[in-house]
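Asks: In UniProt numbering, the protein residues as written are 1 to 198.
All C-beta atoms, glycine included, are put in the ideal place defined by N, C-alpha and C.
As the structure is a prediction and not an experimental result, all values here were calculated from the model.
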Amino acid sequence: RSSSSGRGGGSSSSSGGTCESQSQPTSRGVLPRRRPRPAAGGGMSMRKAGGATGRLPGGPKPVTDPLTVAKLSATSSNISGTTKDLEHSLKELEADLKRDKVGLKEYTDMLSDIERKKAEIQKRIDANKEWVESFEKNNDSGSVEQQYKGLMDSVQSVYEGAKEFHAKGIDMLIKEFDYHPAYRRCTDKFTAVPFKPK
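1. Using the three-state DSSP reduction, which class does Asp-96 fall into: helix, strand or coil?
2. Roughly how many whole angstroms lie between the Cα atoms of Met-152 and Phe-195?
3. Can you give me the C-alpha to C-alpha distance between Ser-112 and Glu-87, rounded to a whole angstrom?
4. Can you give me the C-alpha to C-alpha distance between residue 276 and Gln-122, rounded to a whole angstrom?
5. Relative to the C-alpha of Phe-190, which residue among Leu-93, Lys-198 and Phe-177 is closest?
6. Could you give the distance in angstroms between the alpha-carbon of Arg-124 and the alpha-carbon of Asp-100?
7. Once DSSP output is grouped into helix, strand and coil, what is the label at His-180?
8. Look up Ser-165 in the DSSP assignment and say whether it is helix, strand or coil.
9. Less than 9 Å separating the beta-carbons of Tyr-179 and Ala-192?
10. Quick check: the Cα distance between Asp-109 and Glu-115, rounded to an integer number of angstroms?
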């Protein structure tokens, strides 16, 4: 409840002291005019304090400052260069793998050819071993050895006969042509190198 102190005008205050009034003359006297109540806590409004952005003083700083942009640009360039280097290295590795596959096929073909030749040679070795074993055992193939021995005996017999006829021929030359087998005489009209089979 407020009270006034005369018609001439004065100031009045509420019992709590929470608002101020200003006297204004009227035909019946002076009426108070209310002032706007300040914000709770007694501070200024947010718009005045923060400006047009509405950010309170002491708030978070913006992250897109020039230094941060420069760092991000450098990092991006480094990542791009590293990526290109890795792509180039990957292409070289892929080319090496292709060449290695071609070389592997060549070596595989050579190995297959060697294995085939090895199998053929081993087959011949086994056959020769079998023949030698059967020859040593004098089985069915043993007749070859017997034939060989018989052939050698026959050749020796023919050779002995040839030696005998050779000696008879020399005797005939000595008797009929006056052949001197030891050396040639000055009167000899016939000569030859003497030979006697063993």
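Replies: Here's the rundown:
1. helix
2. 23 Å
3. A straight-line Cα-Cα distance of about 37 Å links Ser-112 and Glu-87.
4. Shown here, the chain extends from 1 to 198; a query on residue 276 therefore has no answer.
5. Phe-177
6. 36 Å
7. coil
8. The question names Ser, but residue 165 is Phe in the sequence shown. Three-state DSSP puts Phe-165 in a helix.
9. yes
10. 10 Å
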